[in-house]
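Chemist:
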Amino acid sequence: MKLIEFCVRYPVTVLVGVILALLFGGISLLRLPLQMIPTVDRPEITVETDYSGAAPLEVEQEVVDRQEEKLNAVENLREITSSSIEGKGRIVLSFDWGVNKDVARLEVSEKLDQVRDVPVEAKRPVIRAVNTDEESPIAWIIVETGRDLNEVWEEVEDVIAPRLERVEGVGAVWRFGGQAREVHVLLDLAALTARGISVAEVHEAIVRENRNIKGGSLEEGKRRYAVRTLGQFTDLGQLERIIVRQDRGNPVYLADIARVRFGHEDRDFAVRQMGKPALGLGVLRRTGANTLEVMKGVEEAIAYLNQTYRDKGIRLIQVYDETDYLHDSVRQVTTNVYYGVALAVAALLLFLRSPSSVLIIATTIPIALVTTFVFLAALGRSLNIITLAGLAFAAGMVVDNAVVVLENIFRQRELGKGKMRAALDGAREVWGAILASSLTTIAVFVPVLFVQQEAGQLFRDIAIAISFAVALSLLVALTVIPMLSARLLAVNRRAGPRWLARPSAALDRFGAGFVAAVVGLLAWLRRGLLRRLATATGIVALALAASYLLAPPIDYLPQGNRNLIFVVVRTPPGFNTDQKEAIIKELERRFMDIPGIQRLFGVVRIEAPIMGALVKPEHADLLGMRRVLAEMRRLAVGVPGPQAVFITQSPLFRRRGAFFGGTNIDIDVKGADLETIRRTAETIEAGLRGLPELNFVNTSFEWGNPELQVMVDRDRAAALGLSVSEVGEVVETLVGGTLAGAFRERGKERDIRLRSSADRALRTQDLAETVLFTRAGRPIKLADIAEVRPELGPTKVEHVDLDRAIKLTANIRDEVPLEAAVRLVESRVVDPVRQTLPLGYAINVTGHAKDLVEAWNALKWSFLLALVVIYLLMASLFESWATPLVILFTVPLAATGGVLAVRLAHLTEPTIKMDSVTMLGFIILAGIVVNNAILIVHQALNFMQAGRPAQEAILESVRTRIRPIFITTTTTVLGMLPLVVARGAGSELYRGLGSAVLGGLTLSTLFTLVLIPVVYSLWLDAREALTARARRRAEIPPLAAPK
37 MKLIEFCVRY PVTVLVGVIL ALLFGGISLL RLPLQMIPTV DRPEITVETD
87 YSGAAPLEVE QEVVDRQEEK LNAVENLREI TSSSIEGKGR IVLSFDWGVN
137 KDVARLEVSE KLDQVRDVPV EAKRPVIRAV NTDEESPIAW IIVETGRDLN
187 EVWEEVEDVI APRLERVEGV GAVWRFGGQA REVHVLLDLA ALTARGISVA
237 EVHEAIVREN RNIKGGSLEE GKRRYAVRTL GQFTDLGQLE RIIVRQDRGN
287 PVYLADIARV RFGHEDRDFA VRQMGKPALG LGVLRRTGAN TLEVMKGVEE
337 AIAYLNQTYR DKGIRLIQVY DETDYLHDSV RQVTTNVYYG VALAVAALLL
387 FLRSPSSVLI IATTIPIALV TTFVFLAALG RSLNIITLAG LAFAAGMVVD
437 NAVVVLENIF RQRELGKGKM RAALDGAREV WGAILASSLT TIAVFVPVLF
487 VQQEAGQLFR DIAIAISFAV ALSLLVALTV IPMLSARLLA VNRRAGPRWL
537 ARPSAALDRF GAGFVAAVVG LLAWLRRGLL RRLATATGIV ALALAASYLL
587 APPIDYLPQG NRNLIFVVVR TPPGFNTDQK EAIIKELERR FMDIPGIQRL
637 FGVVRIEAPI MGALVKPEHA DLLGMRRVLA EMRRLAVGVP GPQAVFITQS
687 PLFRRRGAFF GGTNIDIDVK GADLETIRRT AETIEAGLRG LPELNFVNTS
737 FEWGNPELQV MVDRDRAAAL GLSVSEVGEV VETLVGGTLA GAFRERGKER
787 DIRLRSSADR ALRTQDLAET VLFTRAGRPI KLADIAEVRP ELGPTKVEHV
837 DLDRAIKLTA NIRDEVPLEA AVRLVESRVV DPVRQTLPLG YAINVTGHAK
887 DLVEAWNALK WSFLLALVVI YLLMASLFES WATPLVILFT VPLAATGGVL
937 AVRLAHLTEP TIKMDSVTML GFIILAGIVV NNAILIVHQA LNFMQAGRPA
987 QEAILESVRT RIRPIFITTT TTVLGMLPLV VARGAGSELY RGLGSAVLGG
1037 LTLSTLFTLV LIPVVYSLWL DAREALTARA RRRAEIPPLA APK
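Listed below in structure tokens is the structure:
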């Protein structure tokens, strides 16, 4: 190769290239955004609509149904789900993977514009296309104060949250726990009755008078004047002075029948921190922003705000910060890289016994790894635990090519060649082999890059990191290594430090004995065809059988080990905010004394209240977290009030809005009739609760939400000139309040809410006695035209693909793999119930179980495609269709080693499972285990081309290649070893993957030295026999034609 010769002759140019590569690599490293995990862009769009005060069934029928009808026609839609709770409807549109979400969002917006007849009280739907960066806050902040929370809420809305939003890299700031300021028009029902004024009249008067009206333009001389009629309220006095009606020439002002004052919206949220009321903020990172830089800016903003409000009784406390876990994870993986590199270099020194040789090879590691950052930055990737783990795995792999080249240069030197000639010939002789091995390693990642699912997007970073690191190591091996070898390589490979003499001598004796044993075994096998056939068949059959029989059940994604615990409280239907807060207070009291808990915070909301517990760093290891979880679960037993308390560790990967940690199986029961699916769901729930493999079971449906239903007699109401709509609006005004426009105060709009007088609370028995007025001014009681009766309704109504549905969530115990749990749930619970379902009803297992099936199918085809790509590459490099098949015999051996290693790791640490990340390890194995076989076959071909007999060439290739094979395997294994054995933050993500690669590489290396020579010799014998037979046929003269 001209490139090798150029680099050997021009060392300064090569060194300049190396310096530039390291320089730009360092710059790129500083610019890469640092985050916990790669950004996963799920093809989901959410539509949220607030409909304050509406019951779940009203939200479903008046808002969600109408929106779904239009949205169901959006292109590339895979699934549409929705949930309707009190005051809010939420629709989730799931699209095909790979869809353009910007186009999809535009189409969703167009479809929503076509929705008609939505109640005016329902706010405009909010459309969000989110990814993992925008799903979970990177920091939770509590605003602690001794002042009135609603007063402080104004500061949060106007100053604190906007200041945090201005931090570079912050995408949004959630606010919760406060009540927005409103203008309340409190109607005096007695005054209304005395004057015969209806609620509708008051509402119409406020809306009519609170307007600014454009009046066109007027031109006079050189000027043009815009004409506006101003009527919008600017102070409460103007609102009080509006005329509602003229009564016999006397105006009735609003102040005569109502009191106008500032107030606050109803209390639906409450936040607590360490037993005290507070306000809450959640900081979300913008996609692509550096987590550490964002958090640094957030901390500076908090310090500034605390300084500003120091004398105003307001203090901001950061109760959770993702960077703590991120720092620990990065520190853990970087430490593992250092240890791995140190072990690999130590192994090189032991094998080569030459500091100059080790120095030459060791240069590959920083050059390849640091330059990889240039390509990561160019492709817009981030620096995360997955990327760093990929580079850590590559640390041991990148020296492989350098070792092969250097070993061959040594061999050329031993043949008596000079430094320059040995460097040129040594690199030229093996460049084809290392090119083939590098291409096969890189090729396995090509199919992974096309996997669009969540698992594929997680793999993409590790695939890119390893691919570029290996490609760069190939370039370094063919350029830098020959150049340095021609100038720095010691003449005597035995020359080395004295302290290495004894271990090196022992290693030499072991190596010589091992080489003699392997070559002797191969020589013995060569003498009998049946011996070789039995050996090859036995090894392959044993490998396949072991892989099949010992393959562990598969899981979806590793959970991580965050020091954050979530508590979800399932309260009885109808519990108000005060009752929910009382439960949170009791849980706080019980949890406060747990030694491992550093901080507690809670959020009371319309849905199930939640709590967060931050665990102290000294208790945040795997065993410590389990102890804290167990203690919290023990103390939560017997708390008065809640139906259930679910306590789980916060996972690294979670679905939007889900606070259940761990691995969950979701079961959707869907159909037309709510009562039928309710009974079916209850049957399944009862069956799931009997499975010991599950921690708990939760249902999305609860029947029992107390309602007061006003059943209007249409005929009697119509006879009095009233419609159902008018009656409903009056009831809404008197109970929950009706919006009647907006009031501007200091540049901010405040809702004007019309409601009953606050002199006394409206009781359930008072509702029927409420006085209404006909259009003729006649007073009547609500009981005269309607029946008010208490009923029970659902707390939530869900849809799946437009059908009503109930979702059951089963949380799996940590030591139980997802695949095994799904099989158990399906066979014992779901299948028996499914057989009894009426036509038109269905039970679907979804959630992580569905994700697992999609990921497994994608990875399965990626693995097969990777094998095809490897085969075609080797066919091209060897100019043979048969030789690559011989090399692929190493893959079953690698699979067996990987399976055994994962099995062993799972026995020692139950959290290590055959999850999607671990499956990637088997794809990586397919690309690297063939490298050893390529070296043997390539060297055998070189010897055969030099004139040696085939069988002798095979034996000699094994003899000469055992050493570089063992050196490369040892450095790779030792480079990965710290990643596999070291526990710590973030290690749960990659320990399974490392176990698979380490075990597969080790086992396949040992058996490859026997299997590949045997199979290759069988193939050469078969080819020779076929060639001889064809030759004999060609020599037989054709038979004479009969006369």
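First residue of the sequence shown: 37, per the working numbering; consecutive thereafter.
We put the CB at the ideal spot given by N, CA and C, even for glycine.
On the criterion of 16 or more Cβ atoms from any shown chain inside 10 Å, does G432 qualify as buried, or is it exposed?
Modeler: Against the sequence shown, residue 432 aligns to sequence position 396. Buried: at least 16 other Cβ atoms inside 10 Å.
Chemist: Which of the three DSSP states, helix, strand or coil, is assigned to R796?
Modeler: Position 760 of the sequence shown, counted from the start, is the residue given in the question as residue 796. In this predicted model, R796 has a pLDDT of only 48, less than 50, meaning its place in the structure is not dependable enough to derive any value.
Chemist: On the DSSP letters alone, give me the boundaries of the beta strand (DSSP E) that V881 sits inside.
Modeler: Position 845 of the sequence shown holds residue 881. Looking at the DSSP string, the run of the beta strand (DSSP E) that includes V881 is A878 to G883.
Chemist: Give the list of continuous alpha helix (DSSP H) stretches no shorter than 4 residues that lie fully inside the stretch 409-439.
Modeler: 421-433
Chemist: Within this structure, are the beta carbons of P645 and I619 separated by less than 8 Å?
Modeler: Residue 645 sits at position 609 when you count from the first residue of the sequence shown. Residue 619 sits at position 583 when you count from the first residue of the sequence shown. Contact flag set, yes.
Chemist: Could you give the distance in angstroms between the alpha-carbon of L395 and the alpha-carbon of A505?
Modeler: The count along the sequence shown starts at 1 and reaches residue 395 at position 359. The count along the sequence shown starts at 1 and reaches residue 505 at position 469. C-alpha separation (whole angstroms): 19 Å.
Chemist: Going by Cα to Cα distance, which pick from V410, D749, L427 and L494 is closest to A57?
Modeler: Reading the sequence shown from its first residue, position 21 is the one you call residue 57. Among V410, D749, L427 and L494, the Cα nearest to that of A57 is on V410.
Chemist: Quick check on Y261: buried or exposed, where buried means 16 or more other Cβ atoms within 10 Å of its Cβ?
Modeler: Here residue 261 refers to the residue found at position 225 of the sequence shown. Exposed.
Chemist: Between the stretch 543-553 and the stretch 492-506, can you find at least three pairs of beta-carbon atoms closer than 8 Å?
Modeler: no
Chemist: To the nearest whole angstrom, what separates the beta carbons of N444 and E465, a pair I think is in contact under 8 Å?
Modeler: Indexing the sequence shown from 1 puts residue 444 at position 408. Indexing the sequence shown from 1 puts residue 465 at position 429. The pair is a contact, with the Cβ atoms about 6 Å apart (cut-off 8 Å).
Chemist: In whole angstroms, give me the CA-to-CA distance for V110 and I73.
Modeler: Indexing the sequence shown from 1 puts residue 110 at position 74. Indexing the sequence shown from 1 puts residue 73 at position 37. Approximately 31 Å between the Cα atoms of the pair.
Chemist: Buried or exposed: which applies to R1065, given that a residue is buried once 16 or more other Cβ atoms fall within 10 Å of its Cβ?
Modeler: For the purposes of this step, residue 1065 is identified with residue 1029 of the sequence shown, where counting begins at 1. Answer is exposed; the Cβ neighbour count stays below 16.
Chemist: With A1155 as the anchor, note down where its beta strand (DSSP E) starts and where it stops.
Modeler: The structure shown does not extend to residue 1155, since the chain is modelled only from 37 to 1079, so the question has no answer here.
Chemist: Using three-state DSSP, classify Y87 as helix, strand or coil.
Modeler: Stepping through the sequence shown from its first residue, residue 87 is reached at position 51. Correct three-state label for Y87: coil.
Chemist: Which residue or residues does DSSP assign as beta-bridge partners of G1086?
Modeler: Outside the displayed span of the chain (37 to 1079) sits residue 1086, for which this structure offers no information.
Chemist: Using 8 Å as the cut-off, can you tell me whether the stretch 819-833 makes contact with the stretch 724-738, which would need three or more C-beta pairs spanning the two stretches below that distance?
Modeler: yes
Chemist: Do you know offhand how far L991's Cα is from L1054's?
Modeler: Against the sequence shown, residue 991 aligns to sequence position 955. Against the sequence shown, residue 1054 aligns to sequence position 1018. So the two alpha carbons sit approximately 13 Å from each other.
Chemist: So the alpha helix (DSSP H) H942 belongs to, where does it begin and stop?
Modeler: Within the sequence shown, numbered from 1, the residue matching residue 942 stands at position 906. Unbroken alpha helix (DSSP H) run through H942: T926 to T944.
Chemist: Select from I601, P609 and Y46 the residue whose C-alpha is nearest the C-alpha of G638.
Modeler: Mapped onto the sequence shown, residue 638 falls at position 602. Residue I601 is the option with its Cα nearest to G638.
Chemist: I want to know whether the stretch 702-715 touches the stretch 864-880 - three or more CB-CB distances under 8 Å.
Modeler: yes
Chemist: What's the C-alpha gap between R796 and R789?
Modeler: Along the sequence shown, one-based indexing puts residue 796 at 760. Along the sequence shown, one-based indexing puts residue 789 at 753. Any reading at R796 must be qualified, since the residue scores a pLDDT of 48, below 50, and its modelled position is unreliable; the value itself is stated next. Cα to Cα, R796 sits roughly 17 Å from R789.
Chemist: Report the rounded CA-to-CA distance for V52 versus N968, giving the unit in angstroms.
Modeler: Counting from one through the sequence shown, the residue named residue 52 turns up at place 16. Counting from one through the sequence shown, the residue named residue 968 turns up at place 932. Looking at the two C-alpha atoms, the distance is approximately 33 Å.
Chemist: Counting only the same chain and skipping the five closest in sequence on each side, list residues whose C-beta sits under 8 Å from that of I906.
Modeler: Within the sequence shown, residue 906 is the residue found at index 870, counting from 1. If we look at I906 and ignore the five residues flanking it on each side, its Cβ neighbours are T476, A479, V480, P920, L924, A962, G963 and V966.
Chemist: Do you know how far the Cα of K455 is from the Cα of I970?
Modeler: Counting from 1 along the sequence shown, the entry for residue 970 is found at position 934. Counting from 1 along the sequence shown, the entry for residue 455 is found at position 419. Answer to the nearest angstrom: the Cα atoms are 27 Å apart.
Chemist: Assign V973 to buried or exposed, taking buried as 16 or more other Cβ atoms, counted over all protein chains shown, within 10 Å of its Cβ.
Modeler: Position 937 of the sequence shown, counted from the start, is the residue given in the question as residue 973. It is buried - the Cβ of V973 has at least 16 other Cβ atoms within 10 Å.
Chemist: Have a look at G1028, F1002 and L1010 and flag the residue whose alpha-carbon is nearest the alpha-carbon of T1044.
Modeler: Working through the sequence shown from its first residue, we reach residue 1044 at position 1008. Cα-wise, what sits closest to T1044 is F1002.
Chemist: With distance defined between alpha-carbon atoms, name the residue in R1069, R164 and V95 nearest to V154.
Modeler: Along the sequence shown, one-based indexing puts residue 154 at 118. The option with the nearest alpha carbon to V154 is V95.
Chemist: Whole angstroms are fine: how far does the CA of N246 sit from the CA of A776?
Modeler: Here residue 776 is taken as the residue at index 740 of the sequence shown, counted from 1. Here residue 246 is taken as the residue at index 210 of the sequence shown, counted from 1. Their Cα atoms are separated by approximately 9 Å.
Chemist: Since L600 is in the alpha helix (DSSP H), which residue starts that stretch and which ends it?
Modeler: By 1-based counting over the sequence shown, the position of residue 600 is 564. From DSSP, L600 is part of no alpha helix (DSSP H) but of the beta strand (DSSP E) over L600 to R606.
Chemist: Roughly how many whole angstroms lie between the Cα atoms of G934 and I960?
Modeler: Here residue 934 is taken as the residue at index 898 of the sequence shown, counted from 1. Here residue 960 is taken as the residue at index 924 of the sequence shown, counted from 1. Rounded to the nearest angstrom, the two C-alpha atoms are 11 Å apart.
Chemist: In the DSSP assignment, what are the bridge partners of G648?
Modeler: Taking the sequence shown and counting its residues from 1, one reaches residue 648 at position 612. G648 pairs with F602 and F637.
Chemist: Could you tell me whether the Cβ atoms of P518 and V441 are closer together than 8 Å?
Modeler: The count along the sequence shown starts at 1 and reaches residue 518 at position 482. The count along the sequence shown starts at 1 and reaches residue 441 at position 405. Going by C-beta atoms, P518 is nearer than 8 Å to V441.
Chemist: Tell me the rounded alpha-carbon separation between A208 and L320.
Modeler: Along the sequence shown, read from residue 1 onward, the residue named residue 208 stands at position 172. Along the sequence shown, read from residue 1 onward, the residue named residue 320 stands at position 284. So the alpha carbons of these two residues sit roughly 5 Å apart.
Chemist: Roughly how many whole angstroms lie between the Cα atoms of A552 and A656?
Modeler: What you label residue 552 is simply residue 516 of the sequence shown in a count that begins at 1. What you label residue 656 is simply residue 620 of the sequence shown in a count that begins at 1. Taking the straight line joining both Cα atoms gives about 51 Å.
Chemist: Can you grab the Cα-Cα spacing for the pair K616 / A894, in whole Å?
Modeler: On the sequence shown, residue 616 is found 580 positions in, with the first residue counted as 1. On the sequence shown, residue 894 is found 858 positions in, with the first residue counted as 1. C-alpha separation (whole angstroms): 44 Å.
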